[in-house]
Amino acid sequence: GLLAGCVPSPPRAPAPGCAELPSIGSAGHAEGTCKPCAFLYTKGCDNGATCQFCHLCDSEEKKRRRREKLLQRRALKAEAAKADAGCGDSPDAERPAAVLDEEGNADSP
């Protein structure tokens, strides 16, 4: 028939379980979109090639990403606190100094 001479095209990506793609979750490693496997370097990952998490990240990657996320969160919190302090709604915001009239009495604004 017509399909007898067809040769299947080679796979577009490495097969899960090979050195280039040790787990399904390792697919986004080159782009930095993967999530490191928490078990690979501790008790070992039981899921192997079918694991949804990256087996290419080094043993410190999970900790490094957690630290970065924490620092970003702290920076955003500090930025928000600084913005809140500047809007005058907080009780700790500076009050304008009283305006004194010619006799030295406080003028009410």
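Numbering (this note's numbering), first residue to last: 2 to 110.
Where is the CB? At the ideal position from N, CA and C, for every residue including glycine.
With a cut-off of 8 Å on Cβ pairs, the stretch 71 to 80 is not in contact with the stretch 38 to 50, counting fewer than three such pairs.
The residue among Arg75, Thr51 and Asp59 with its C-alpha nearest the C-alpha of proline 37 is Asp59. Each of Asp85, Gln73, Ala31 and Leu57 was checked against the Cα of proline 23, and the nearest Cα belongs to Leu57. Residue pairing for proline 37: DSSP places it in a beta bridge opposite Cys55.
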